[in-house]
Amino acid sequence: MLLSQEEIELFEQDGFLVLKDFVSQYACEALRNRAMEIVEAFKPPETVSIFTTNEQTRHSDRYFMESGDKISCFFEEDAFTEKGELRQAKSKSINKIGHAMHDLDPVFEEFSRTPELAEIAKEIGFADPKILQSMFIFKQPHIGGEVSCHQDSTFLYTEPLSVKGFWFAMEDATQENGCLWAIPGGHKNRLKSRFYRNKSGDGTRIEVFDETPWETAKLVPLEVKAGTLVLLHGLLPHMSYANRSTRTRHAFTLHLIEGSAVYPEWNWLQRSPDMPVRGF
Ligand code: FE2
Numbered sequence: 289m290l291l292s293q294e295e296i297e298l299f300e301q302d303g304f305l306v307l308k309d310f311v312s313q314y315a316c317e318a319l320r321n322r323a324m325e326i327v328e329a330f331k332p333p334e335t336v337s338i339f340t341t342n343e344q345t346r347h348s349d350r351y352f353m354e355s356g357d358k359i360s361c362f363f364e365e366d367a368f369t370e371k372g373e374l375r376q377a378k379s380k381s382i383n384k385i386g387h388a389m390h391d392l393d394p395v396f397e398e399f400s401r402t403p404e405l406a407e408i409a410k411e412i413g414f415a416d417p418k419i420l421q422s423m424f425i426f427k428q429p430h431i432g433g434e435v436s437c438h439q440d441s442t443f444l445y446t447e448p449l450s451v452k453g454f455w456f457a458m459e460d461a462t463q464e465n466g467c468l469w470a471i472p473g474g475h476k477n478r479l480k481s482r483f484y485r486n487k488s489g490d491g492t493r494i495e496v497f498d499e500t501p502w503e504t505a506k507l508v509p510l511e512v513k514a515g516t517l518v519l520l521h522g523l524l525p526h527m528s529y530a531n532r533s534t535r536t537r538h539a540f541t542l543h544l545i546e547g548s549a550v551y552p553e554w555n556w557l558q559r560s561p562d563m564p565v566r567g568f
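Remember, our numbering sits 288 above the position in the sequence shown when you count from 1.
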């Protein structure tokens, strides 16, 4: 067992669990370097794709909608001036890389598919964990956008609900540079909304079941050091504020689903039949 009984109970009680020093500084640096190489090689398409989780304006262009089985780069919402020019260098303008590096890039695959992570997944309740998506999140200095409060099951829905997040701090995350915030125990409430891919394949919509606002007064900051792994329940309300500091806040995330759960064809994230979702 990698987790103690107390840690498993804490995860069940709070909906998240902070595991300090889970990965080495060397592994963090190797992943950050690889992410920066991917951005360096990225040639922005004619129409740029911007990532925001603001539900009204969340991007649902083709580049985003087809990124479930690719390595794609998304710009920060505030990356461009009104004239459409980058405010900062390209390397300081990308919001994230997603969503299949764990399948397509050897460095990301090595980081993502380890016996330790397979074991953790089992210990928090997975029988047959599958790695659905990976994201390298930059949270750039000055322009790193806020990710509004949400439950991951809204965006990665299965029947029964099964998604859980593995969030790795690649750098120290503080309130200054936009650390995670979460509502302890908030995962015991039901799913508030569901995000759909339109039948036409382009565009999305959101169905809201529960209009009550998030209890933001209950949010607590998860300030963690580089190398920390945070486990997140799929119903846990969590968010991060904008990064207005001069430092980046790099993080890497994996989202796992249960192999036996039904994965609807209306989820935004879809993969080619040639690239079925795989476990560890
Ligand atoms: Fe999330």
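Glycine residues also receive a C-beta, built at the ideal position from the N, C-alpha and C atoms.
Small disclaimer: the values here were computed from a predicted structure and weren't measured.
Between Asp416 and Arg559, the CB-CB gap reaches or exceeds 7 Å. A distance of 7 Å or more separates the beta carbons of Ala457 and Leu524. According to the DSSP assignment, Arg350 belongs to the alpha helix (DSSP H) that extends over 350–353. One thing to note: Glu398 has its Cβ no nearer than 7 Å to the Cβ of Leu290.
With a cutoff of 7 Å on beta-carbon distance, Gly515 and Gln313 are scored as near each other. A Cβ-Cβ contact shorter than 7 Å links Tyr529 with Glu434.
Taking a contact to require three or more Cβ pairs closer than 8 Å, the stretch 384–394 and the stretch 439–449 do not qualify as touching.
The alpha carbon of Tyr445 has as its nearest neighbour, out of Ala323, Pro561, Val550, the alpha carbon of Val550. Short of 8 Å from the beta carbon of Lys418, and not among the five residues preceding or following it, lie these beta carbons of its own chain, in chain order: Leu544, Ile545, Glu546, Gly547, Val565, Arg566, Gly567.
A Cβ-Cβ distance of about 6 Å is found for the pair Ala461 and Glu511, placing them in contact under the 8 Å criterion.
Pairing Phe426 with His538 gives a Cβ-Cβ distance under 7 Å. Shown here for Phe299: same chain residues with a beta carbon closer than 7 Å to its own, the five before and five after excluded, namely Leu305, Ile412, Leu519 in chain order. Counting the other CB atoms within 10 Å of its CB gives Ala367 a total of 16 or more, which places it among the buried residues.
For Asp498, the shortest separation between its Cβ and any heavy atom of the ligand FE2 does not lie below 6 Å. Of the candidates Glu553, Trp554, Val508, Val508 places its Cα closest to the Cα of Gly303.
The stretch 367–440 is shown to contain whole alpha helix (DSSP H) runs of 4 or more residues at 389–392, 394–400, 403–411, in chain order. For Ala539, the enclosing beta strand (DSSP E) has its first and last residue at 539–546. Checking the DSSP bridge columns, you'll see Ser360 partnered with Gly386.
Nearest C-alpha to Asn383 among Leu319, His430, Gln293, Lys452: His430. Residue environment for Arg478: exposed (fewer than 16 other C-beta atoms within 10 angstroms of its C-beta). Excluding five sequence positions before and after Met563, the CB atoms of its chain that fall closer than 6 Å to its own CB belong to Asp357, given in chain order. Between Leu517 and Ser400, the gap from beta carbon to beta carbon reaches 7 Å or more. At a threshold of 6 Å, Asp440 counts as near the ligand FE2, since its beta carbon sits closer than that to one of the ligand's heavy atoms. Its chain contains Phe399 as the residues whose beta carbon lies nearer than 7 Å to that of Ala315, once the 5 sequence neighbours on both sides are disregarded; these appear in chain order.
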